[in-house]
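Enquirer:
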Amino acid sequence: MSRPPAGAPWPTAATRLVALLGWPVGHSLSPTMHNAAFAEQQLDLVYLALGVPPDELTGVVQALGASGAIGANLTVPHKQAVVACCEHLTDEARLIGAVNTLAWTTDGLLGDNTDAAGLRLALRAEVDLHPGQRAVLLGTGGAARAAVVALARCDLEVVVVGRRPDAAAELAALATRAGAPEARGVDLADLAVVGEAVASARLVVNATPLGMSGEDLPEPFHALHEGQVAYDLIYSPPLTPFLAAARAAGAEGHHGLGMLVGQAAAAYRRWTGQAAPVATMSAAAMRVLTAH
Ligand code: NAP
Numbered sequence: 005m006s007r008p009p010a011g012a013p014w015p016t017a018a019t020r021l022v023a024l025l026g027w028p029v030g031h032s033l034s035p036t037m038h039n040a041a042f043a044e045q046q047l048d049l050v051y052l053a054l055g056v057p058p059d060e061l062t063g064v065v066q067a068l069g070a071s072g073a074i075g076a077n078l079t080v081p082h083k084q085a086v087v088a089c090c091e092h093l094t095d096e097a098r099l100i101g102a103v104n105t106l107a108w109t110t111d112g113l114l115g116d117n118t119d120a121a122g123l124r125l126a127l128r129a130e131v132d133l134h135p136g137q138r139a140v141l142l143g144t145g146g147a148a149r150a151a152v153v154a155l156a157r158c159d160l161e162v163v164v165v166g167r168r169p170d171a172a173a174e175l176a177a178l179a180t181r182a183g184a185p186e187a188r189g190v191d192l193a194d195l196a197v198v199g200e201a202v203a204s205a206r207l208v209v210n211a212t213p214l215g216m217s218g219e220d221l222p223e224p225f226h227a228l229h230e231g232q233v234a235y236d237l238i239y240s241p242p243l244t245p246f247l248a249a250a251r252a253a254g255a256e257g258h259h260g261l262g263m264l265v266g267q268a269a270a271a272y273r274r275w276t277g278q279a280a281p282v283a284t285m286s287a288a289a290m291r292v293l294t295a296h
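Residues in the sequence shown are numbered consecutively from 5, following the numbering used here.
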């Protein structure tokens with residue numbers, strides 16, 4: 005699947021498609037990252053973002069497979085619904101209960117989830133963590149499900165904080181199934197317990213959208229101190245009030261671009277069998293973010 009020689013027309017009739025399916029998709033950095041990587045490795049692939057309404061998802065997935073696409077990514081709101089389209093699921097997709105990567109293989113349509121691997125790659129590259137340290141995660145939505153699996157796989161004790169205590173408890177159970185040495189759910193309304201958990205954590209992760217438009221997190225999450233690490237799954241803007249407060253107090257602060265690039269790199273390897281050029285993907289995404 006190599007491209008024609010430099011200077012020859014491209015794309016050609018042999019060029020194969022990889023698609024992002026979401027609703028909406030206009031904001032996505034995935035086409036930028038993947039097309040930069042395909043170009044660097046001279047792969048005859050093109051990545052396009054397709055806006056797919058929820059009731060069209062099954063038909064679009066079938067049409068992509070029938071027309072020779074090699075793979076796809078799924079974003080909001082399709083990650084759970086697409087599970088029903090898959091003939092096979094990886095253990096990771098089954099554990100998380102959601103699929104963000106499809107690959108059409110000789111055995112049929114495979115559903116995978118690379119979000120947890122993406123966060124784990126980012127944490128490994130950016131943060132010094134040791135088994136048994138405590139991680140506190142705020143949020144119980146789709147991204148939080150992948151995040152608790154990543155934290156568990158780093159051998160961290162996991163405290164899940166949510167405004168719905170039943171959802172926090174369910175994610176704590178998921179962390180235990182994923183191998184966390186200890187996990188519990190905490191009600192966000194229980195501020196004293198939340199404050200104690202945050203104060204004693206090595207790593208504090210925001211998996212809510214709070215901060216995308218300048219919102220503060222609940223008070224205990226703005227009381228970090230030196231020796232702690234704040235990780236915000238948000239990458240746009242790259243500096244949220246949560247990260248700004250953490251850095252002002254002497255803690256480390258990391259935005260979520262590393263996780264985004266990490267999940268893309270794992271999907272890229274699944275489609276192409278090659279290691280992704282991670283630095284190229286990251287630089288391409290950063291150019292778009294800083295141009296805004
Ligand atoms: P989601 O499924 O809608 O979940 C959002 C979570 O935030 C829910 O648990 C929700 O609680 C909670 N929440 C929202 N407002 C809150 C508030 N005022 N107080 C307390 N909790 C609140 O969204 P998602 O897909 O998980 O995404 C979450 C964030 O992660 C987004 O900012 C997204 O951009 C980011 N993300 C980043 C990456 C990456 O690669 N870096 C990947 C995926 C997502 P309820 O359940 O009670 O409503």
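Glycine included, each C-beta is placed from N, C-alpha and C at the ideal position. Just so it is clear, the structure is predicted and the values come from calculations on it, not from any experiment.
Could you check where the alpha helix (DSSP H) with residue 27 kicks off and where it finishes?
Expert: No alpha helix (DSSP H) contains residue 27, which DSSP labels as neither H nor E.
Enquirer: Which residues mark the beginning and the end of the alpha helix (DSSP H) in which residue 258 is found?
Expert: Counting along the chain, residue 258 falls outside any alpha helix (DSSP H), though it belongs to the beta strand (DSSP E) covering 256-258.
Enquirer: With DSSP collapsed to three states, give me the class of residue 110.
Expert: Three-state DSSP puts residue 110 in coil, outside helix and strand.
Enquirer: With DSSP as the reference, label residue 91 as helix, strand or coil.
Expert: Of the three classes helix, strand and coil, the one that applies to residue 91 here is coil, per DSSP.
Enquirer: DSSP three-state label for residue 148, please.
Expert: It is helical.
Enquirer: Would you mind sorting residue 373 into buried or exposed? The rule is 16 or more other CB atoms within 10 Å of its CB.
Expert: The chain is shown from 5 up to 296; residue 373 falls before or after that span and cannot be answered.
Enquirer: Can you tell me where the beta strand (DSSP E) holding residue 77 begins and where it ends?
Expert: Element bounds for residue 77: 75-78.
Enquirer: At 4 residues or longer, what runs of the alpha helix (DSSP H) sit wholly inside the region 167-201?
Expert: Runs of the alpha helix (DSSP H) inside the region 167-201: 169-181.
Enquirer: Of all the options 85, 229 and 268, which has the alpha carbon lying nearest to the alpha carbon of residue 250?
Expert: Measuring from the Cα of residue 250, the nearest candidate turns out to be 229.
Enquirer: What is the C-beta distance between residue 190 and residue 182, in whole angstroms, given that I count them as a contact (C-beta under 8 angstroms)?
Expert: The pair is not a contact, with the Cβ atoms about 18 angstroms apart (cut-off 8 angstroms).
Enquirer: Under the DSSP definition of a beta bridge, which residues are partnered with residue 20?
Expert: BP columns for residue 20 point to 49.
Enquirer: Quick check on the contact list: which residues have their beta carbon closer than 5 angstroms to a heavy atom of the ligand NAP?
Expert: The answer, residue by residue, is 143, 144, 145, 146, 147, 167, 168, 212, 213, 237, 238, 260, 263 and 264.
Enquirer: How is the beta strand (DSSP E) around residue 236 delimited, first residue to last?
Expert: Segment 233-236, the beta strand (DSSP E) holding residue 236.
Enquirer: Starting from the Cα of residue 37, find the closest Cα among 28, 23 and 27 and give me that residue.
Expert: Among 28, 23 and 27, the Cα nearest to that of residue 37 is on 23.
Enquirer: Let me confirm a value: residue 109 is counted as buried when at least 16 other C-beta atoms fall within 10 Å, else exposed. Which label applies?
Expert: By the neighbour-count rule (16 or more Cβ atoms within 10 Å), residue 109 is not buried but exposed.
Enquirer: By the DSSP assignment, the beta strand (DSSP E) with residue 210 in it spans what residues?
Expert: Residues 207-210.
Enquirer: Would you identify the three-state DSSP class for residue 62, choosing helix, strand or coil?
Expert: Helix.
Enquirer: For the structure I just gave you, are there three or more beta carbon pairs, one from the region 6-22 and one from the region 257-269, closer than 8 angstroms?
Expert: Short answer: they don't touch.
Enquirer: Can you tell me the Cα-Cα spacing of residue 111 and residue 26, whole angstroms?
Expert: Taking the straight line from one Cα to the other gives about 25 angstroms.
Enquirer: Between which two residues does the beta strand (DSSP E) containing residue 139 stretch?
Expert: Segment 138-142, the beta strand (DSSP E) holding residue 139.
Enquirer: How should residue 296 be labelled, buried or exposed, when 16 other C-beta atoms within 10 angstroms of its C-beta is the threshold for buried?
Expert: It counts as exposed.
Enquirer: Would you decide whether residue 82 is buried or exposed? Buried here means 16 or more other CB atoms lie within 10 Å of its CB.
Expert: Residue 82 should be labelled buried.
Enquirer: In the DSSP output, which residue or residues are listed as bridge partners for residue 116?
Expert: BP columns for residue 116 point to 105.
Enquirer: Is it right to say residue 80 is buried, meaning 16 or more other beta carbons lie within 10 angstroms of its own, or is it exposed?
Expert: Residue 80 is exposed by the Cβ-count criterion.
Enquirer: For residue 198 and residue 165, what's the separation of their Cα atoms in angstroms?
Expert: Straight-line Cα distance between these residues: approximately 7 angstroms.
Enquirer: Please confirm whether any heavy atom of the ligand HEM lies closer than 7 angstroms to the CB of residue 151.
Expert: Inclusion of the ligand HEM in the displayed structure is not the case, the ligand content consisting of the ligand NAP alone.
Enquirer: Which partner residues of residue 317 appear in the DSSP bridge assignment?
Expert: Because the chain here runs from 5 to 296, residue 317 falls outside it and cannot be looked at.
Enquirer: Starting from residue 286, trace the alpha helix (DSSP H) both ways and give me its first and last residue.
Expert: Here the alpha helix (DSSP H) through residue 286 covers 282-295.
Enquirer: What did DSSP end up calling residue 165 once you bin it into helix, strand or coil?
Expert: Strand, per DSSP.
Enquirer: Just curious, the alpha helix (DSSP H) that residue 274 is in, first and last residue?
Expert: It spans 261-276 - the alpha helix (DSSP H) in which residue 274 sits, taken as one unbroken run.
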